[in-house]
Amino acid sequence: MNFSQLQKGVLTFYSLLCIISILTVTTVSAQERMITGTIKDNAGITLPGVNILIVGSSVGTTTSIDGVFKLALPQDVTLPVLQISAVGYKTLEVEVGNQTNFNLTLDEDVSQLEEVVVVGYGKQNKALMTTSVSSVKTADLESYSAGSVQNSLTGRIAGVNVVPSGGSPGAGIKVRVRGTGSNGNSDPLYIVDGMRVPNIDFLDPLEIGSMQVLKDAASTAIYGAEGANGVVYVTTKEGKAGETRITYDLQYGVQSVDTRIDLMNLNQFEEYWGERGLTRDHDPLAETNWLDELFQTAPQQRHALTISGGNEKSTFFVSGNFFTQDGVIGGDLSKFDRFSIRLNGSHQVKDWLNFSHQASYASFKRNNILENDSYGGIVQTAMMFDPATPVTFSNGLPTYVTTKFGTDLPYQQATNGQYYGVSTFTTQEIGNPIGLLNADKNTSETGLFYGSFLGSADLMDGLKLNSRMGMAMSNNSTHSWQRTYFYTTTATNGQANSRSSMSKFVSSQWENWLSYDKQFGDHDISVILGSSVLSQKTTFVAGEGGPLFGETDELSYLSSIPNGQENTRAFGNEELVKLMSYYGRFQYNYKQRYLLGITARTDGSSLLAEGKRWGFFPSVSGGWVISNEEFFDVPAIAFAKLRASWGRNGSLSNLYPGASIGLVSPTFQYTNADGEVVIGAEPLRLSNPELTWETSEQLNIGMDLGFLDDRLTVTADYFDKQTKDLLNPGTPPSFVGNFPPIVNSGTVKNTGFELGITYDKNTGPVKYSISANMTRIENVVTEIDPNKLREEGTNIGGHWNGATAMEEGYPLWYFRGYKTNGIFQSQEQIDEYHATIDAGSYPAKKGDPIIVDVNGDGQINSGDFTEIGSPHADLYLGLNAKVEYKNFDLQVFAQGSFGNDVLIGYARTDVNGANYPSFFYEDRWTESNATNDWFGANFDEKALSSDFMVQDASFVKIRQLQLGYNLPSAALDKLKLGSARFYVSLDNFFTFSSYKGFDPEIGGSNDDKSLGIDRGVYPTPRLMMTGLSVKF
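Each residue of the sequence shown is one higher than the last, beginning at 1 in full-length UniProt numbering.
Quick look at the structure:
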């Protein structure tokens, strides 16, 4: 073949190839369809330069300057999937389907080890932190239904345990960071936008920008005297430059109670008390389940609106929210309402000067009922009131009631005119629970304002001067009144009376600090030096009296007796506390490999006497980022860091003004020789000028790991925390009397291990994220006042004094009572027992518990009390999982607690004719059922102070099961919306526990002395909820 023939063949082949290519392109073009869309970030700002690629092909494009893209989609690509990627954002894959227009959002690609977290007086890169700080995802908070932001911390962070004081609307929340570290107040310090606040229950989830929990002493040492129990640091949202953005959230749900506990029915009740020799006349047709009468379904709803925006010079963020929750007991009689508004702003005044402000006002209104109380708590009353009495007597007072009690008594009437049922069985203050629920009215209202102003001036390269001034003010008023009623000789009120109180709290704070951040080659340093002045003033005044002019809300403030003859009194006090502080922090790293942190703070408090007012609280921490070493070459490990810290914190939260100098009361009254009543003074508490700070020292060793490009992260910490010089009542000589001074004595130790694991998969049609945490804590008292054997905690009724105690070698406020070794089955067994035990101290009979003579003195009395349980769990678990497929998402949030006990405190020996849970009847010992499971009906009162009253309260709760649907882009475009998500949720619906009460999670009262004691707790309701979240 010559060259011309070869040339002709090549030209022919090339021509044919061109024709085929043209035909192919023409055919494909004829079959292409165009898709369009807009891509934004989480703030709603459009993103330019985003890459869009059809998976499995080379067809792609990028977004324009306004975030818009157009792409020709080849039809020969089956089931096309778009892959959207951009530097700094997580890759997103979206199935095209039949959709032609897309409105997509990219999440920032900030791994948990690379994120910047807000800590005291600055921000830090988490990868370079040498302390133990955990963050809460704000997205997890926004769809949660908890009425309190504090409650939403439950199970989300290793080392943080949250226990509600009760399940009633607006009930208090206990947050414990790394266990209970003090015999008094163990609440963490709450900081919102740099301001100290009593709690964070005034915040709505939609206004929270970030939330961190500072756990070890090195991270909290910057707060010195206030950081011993950890710090919860919250920053609220700020506006961003660009278009105005609007977000609206709506939640509505219905609450109900999972009645996990069955009471004895009428037949069981009569047989049970018949075995105890008690019978009474009653309505033969009545049988009442008082829990069914007490509990009801109740609505709950939340509305939240935010508006934000601004320009390069100024930004703003405005929010308003309303939350209302009726009670599952009494409806609006235990209702809670919260309303709040917020205005945040930031202004770049000059290139070197920035000014920002945060202001918030919140109002709360709560209708209270008595709960988890040994004397008249409404749930305890409903559990103990006999089932033989009706709610109301339909035909007037029956003869058997008037015969027993008489006719000239203030029997309570319902609104329909019928008398509330009166029992001839139950005694003491256990009256008709429905009547008592309507007899007492108790309302509290609070208005809270806090605002802060922060100015920052750049003095030179890296050096900044910061000044923050802030103020928090709250005004609280309470009003309660009580109708006249009669149910028993104890459960009676012959005179309508009322009580009102008002309190005002004003806190002012002024802080100034210099911050210096500079890089010198491979060396990075960050320095903070500052001072702080804090002043807190509390004013309280109250008055009470009666009888009232009328038994209505409107007349409950008026007395029916002429001036000067009322049974009234007024009282009040005023407290002022001041704190002055100086602090500094130094941070250094070399090549982001070797890390060092040093913090020091000194605080002076007016609560202590001169010479003892100042405390010094240092810390030191270090870290080694092994993955940044040149020799480190482990492809599977993207990040590895070791860290360790030690620090000292302080606390005066258990003190009050005057504790160091003593207090005198001017209201003491006595009768002189002439029979005249003279008002004098008496000491309330002796002085102690040597009183000093309660201090906490903590060692922390931790490790942070990242695998698979940080999609899988692991954080582990070991901690050893000792709280020393606890603040306790001392033991003065006996001739002094009952006015002991506050002294420093006692040490509590908490040691434990924390583990947190997260995994995110954000590519493919199915996306999911999983986070799990585990905490193992051991709590023990290592030292108490040498003049005491133990410090007694709380009592139960009149039969069990010192049911909890603080004692060396035991957990703090452990359960203390009689230890048993089975049940007496025969008289021979009793006789053998009484051969060594004085029968007069314990006249046991068949069916009674075999109580162990612990001290071996032959007597059975409180000297034989010993450890029978602990409210502290050995292990806490938390799990949060989310799965996304197309426009649907499913979220599961679960929490578990293992090794904790609950003490049954609703059974009392001083109440005759009381009802009990059905297991008292079904599991009891009888002649025909010789069991060791439960004592007989005719039990000795010591049985109710024994380990039979302690039950394992380990539990697993499915806190939330939520299914959501995100509106597709086409619908969003038609509705002119940025995003819209609908969801349905089941909250607190599933509890797995062997505990035979309502709820195994019992926080007790305001302190930890009653932790885990069930006196008839207001149960945490289940909630079936729907929600809508819309962004414009």
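Positions of the beta carbon are idealized from the N, C-alpha and C atoms, including for glycine.
Just so you know, these numbers come straight off a predicted model, no measurement behind them.
Identify which residue in Lys137, Thr324, Leu608 has its Cα closest to the Cα of Ala881.
For the purposes of this step, residue 881 is taken as residue 881 along the sequence shown, with counting starting at 1. If we check each option's Cα against that of Ala881, Lys137 comes out closest.
So the alpha helix (DSSP H) Gly44 belongs to, where does it begin and stop?
Numbered from its first residue, the sequence shown carries residue 44 at position 44. Run containing Gly44: none; DSSP gives neither H nor E here.
In terms of residue numbering, what span does the alpha helix (DSSP H) encompassing His834 cover?
On the sequence shown, position 834 is the one that residue 834 refers to. 827-834 is the span of the alpha helix (DSSP H), which, as asked, contains His834.
Measuring only the C-alpha atoms, how far is Gln325 from Asp332?
For the purposes of this step, residue 325 is taken as residue 325 along the sequence shown, with counting starting at 1. For the purposes of this step, residue 332 is taken as residue 332 along the sequence shown, with counting starting at 1. Each residue's Cα considered, the two are about 8 Å apart.
Using the DSSP secondary-structure output, state which residues sit across from Val257 in a beta bridge.
Counted from its first residue, the sequence shown places residue 257 at position 257. Answer by DSSP bridge pairing: none, since Val257 is not bridged.
Assign Pro299 to one of two classes, buried (16 or more other C-beta atoms within 10 Å of its C-beta) or exposed (fewer than that).
In the sequence shown, residue 299 corresponds to position 299, counting from 1. Exposed is the call here.
With a cut-off of 8 Å, do at least 3 Cβ pairs link the stretch 889-898 to the stretch 908-917?
no
Taking Cβ to Cβ, would you say Gln348 is nearer than 7 Å to Asp193?
For the purposes of this step, residue 348 is taken as the residue at position 348 of the sequence shown. For the purposes of this step, residue 193 is taken as the residue at position 193 of the sequence shown. Not in contact: Gln348 and Asp193 (Cβ atoms no closer than 7 Å).
Is the Cβ-Cβ distance between Gly978 and Gly44 less than 7 Å?
If you number the sequence shown from 1, residue 978 lands on position 978. If you number the sequence shown from 1, residue 44 lands on position 44. Yes. Within cutoff.
Does the Cβ of residue 1036 have 16 or more other Cβ atoms within 10 Å, making it buried, or fewer, making it exposed?
What is shown of the chain runs 1 to 1032, which leaves residue 1036 out entirely.
If you measure between the beta carbons of Ala654 and Gly1003, is that distance less than 7 Å?
Along the sequence shown, read from residue 1 onward, the residue named residue 654 stands at position 654. Along the sequence shown, read from residue 1 onward, the residue named residue 1003 stands at position 1003. One detail in the question is off: residue 654 reads as Asn in this sequence, not Ala. No; because the gap between Cβ atoms is not below 7 Å, this pair is not in contact.
Got a sec? Which residues, its chain only, sit under 7 Å from Leu755 by beta carbon, not counting five neighbours each side?
Taking the sequence shown and counting its residues from 1, one reaches residue 755 at position 755. Closer than 7 Å at Cβ, skipping near neighbours: Ala158, Ala716, Asn773, Met774.
Three-state secondary structure assigned by DSSP to Tyr818
Walking along the sequence shown from the start, residue 818 turns up at place 818. Strand, per DSSP.
Entirely enclosed beta strand (DSSP E) segments - the stretch 494-523, minimum 3 residues:
497-520
On the three-state DSSP scale, how would you describe Phe202?
In the sequence shown, residue 202 corresponds to position 202, counting from 1. In this structure, Phe202 counts as coil in the three-state DSSP scheme.
Inter-residue Cα distance where the pair is Leu595 and Asn628
The residue given as residue 595 occupies position 595 in the sequence shown. The residue given as residue 628 occupies position 628 in the sequence shown. Going from the Cα of Leu595 to the Cα of Asn628 covers about 12 Å.
Cα separation between Asp258 and Gly37?
On the sequence shown, position 258 is the one that residue 258 refers to. On the sequence shown, position 37 is the one that residue 37 refers to. If you take the alpha carbons of Asp258 and Gly37, they lie about 48 Å apart.
Applying the 10 Å Cβ sphere with the 16-neighbour rule, what's the burial state of Val94?
The residue given as residue 94 occupies position 94 in the sequence shown. When all chains shown are included, Val94 counts as buried.
Is the Cβ-Cβ distance between Glu312 and Gly166 less than 7 Å?
Against the sequence shown, residue 312 aligns to sequence position 312. Against the sequence shown, residue 166 aligns to sequence position 166. Contact: no.
Under the assumption that Glu108 contacts Tyr89 (Cβ atoms under 8 Å), give the Cβ distance between them as a whole number of angstroms.
Walking along the sequence shown from the start, residue 108 turns up at place 108. Walking along the sequence shown from the start, residue 89 turns up at place 89. Confirmed, about 6 Å.
Is it buried or exposed, Asn344, if we count other Cβ atoms within 10 angstroms and call 16 or more buried?
Sequence index remark: in the sequence shown, residue 344 carries index 344 (1-based). With 16 or more Cβ atoms within 10 Å of its Cβ, Asn344 is classed as buried.
Could you check how far apart the C-beta atoms of residue 1089 and Pro169 are, in whole angstroms? I think they sit under 8 Å.
What is shown of the chain runs 1 to 1032, which leaves residue 1089 out entirely.
I believe Trp800 touches Ser945 by the beta-carbon criterion, under 8 Å. Please report the beta-carbon distance rounded to the nearest angstrom.
Your numbering for residue 800 matches position 800 in the sequence shown. Your numbering for residue 945 matches position 945 in the sequence shown. Contact holds; Cβ gap of about 5 Å.
Under a Cβ-count criterion, where at least 16 other Cβ atoms within 10 Å of its own Cβ denotes burial, should Leu79 be classed as buried or exposed?
Locating residue 79 in the sequence shown gives position 79, counting from the first residue. So Leu79 counts as exposed.
DSSP three-state label for Trp813, please.
Residue 813 sits at position 813 when you count from the first residue of the sequence shown. Reduced to three states, the DSSP call for Trp813 is coil.
Once the 5 residues before and after Thr154 are set aside, which same chain residues still bring their CB inside 7 Å of it?
As a first step, residue 154 must be located in the sequence shown, where it is residue number 154. For Thr154, where only same-chain residues beyond five positions count, the Cβ hits under 7 Å are Val162, Gln895, Arg959.
What span of residues does the beta strand (DSSP E) with Leu684 cover, start to end?
Translated into the one-based positions of the sequence shown, residue 684 becomes position 684. Run containing Leu684: 677-685, per the beta strand (DSSP E) assignment.
Going by C-alpha to C-alpha distance, which of Val892, Val950, Phe202, Ala570 sits closest to Ile904?
As a working note, residue 904 is residue 904 in the sequence shown. Answer by Cα proximity: Val950.
Measuring only the C-alpha atoms, how far is Val133 from Pro198?
Here the question's residue 133 lines up with position 133 in the sequence shown. Here the question's residue 198 lines up with position 198 in the sequence shown. Distance between the alpha carbons of Val133 and Pro198: 21 Å.
So, under 8 Å CB-CB, Thr61 and Lys70 are touching, yes? Tell me the CB distance rounded to an integer number of Å.
By 1-based counting over the sequence shown, the position of residue 61 is 61. By 1-based counting over the sequence shown, the position of residue 70 is 70. Between Lys70 and Thr61 the Cβ distance is about 7 Å, and since that is below 8 Å, they are a contact.
At the level of alpha carbons, what is the spacing between Thr623 and Gly964?
Locating residue 623 in the sequence shown gives position 623, where the first residue counts as 1. Locating residue 964 in the sequence shown gives position 964, where the first residue counts as 1. Checking the displayed sequence, the identity of residue 623 turns out to be Gly instead of Thr. The alpha-carbon atoms of Gly623 and Gly964 are separated by roughly 41 Å.
From Ser29 to Ile84, what does the alpha carbon distance come to, in whole angstroms?
Residue numbering aside, residue 29 sits at position 29 when the sequence shown is read from its first letter. Residue numbering aside, residue 84 sits at position 84 when the sequence shown is read from its first letter. Residue placement at Ser29 cannot be trusted, given a pLDDT of 40 that sits under 50; what the coordinates show is reported in the next sentence. Distance between the alpha carbons of Ser29 and Ile84: 23 Å.
What number of angstroms, rounded off, separates the C-alpha of Tyr842 from the C-alpha of Ser745?
Walking along the sequence shown from the start, residue 842 turns up at place 842. Walking along the sequence shown from the start, residue 745 turns up at place 745. Their Cα atoms are separated by approximately 37 Å.
Give me the Cβ distance between Leu972 and Ala980, rounded to the nearest whole Å; I'm assuming they're in contact under 8 Å.
Taking the first residue of the sequence shown as 1, we reach residue 972 at position 972. Taking the first residue of the sequence shown as 1, we reach residue 980 at position 980. Indeed, because the Cβ distance is near 7 Å, the residues count as touching under 8 Å.
Can you find a heavy atom of the ligand GTP that lies under 6 Å from the Cβ of Tyr485?
As for the ligand GTP, it is missing from this structure, which has no ligand bound.
When you compare each of Glu270, Asn42, Val96, Ile65 to Ile54 by their alpha carbons, which one comes out closest?
Within the sequence shown, residue 54 is the residue found at index 54, counting from 1. Comparing Cα-Cα distances from Ile54 to each of Glu270, Asn42, Val96, Ile65, the minimum goes to Val96.
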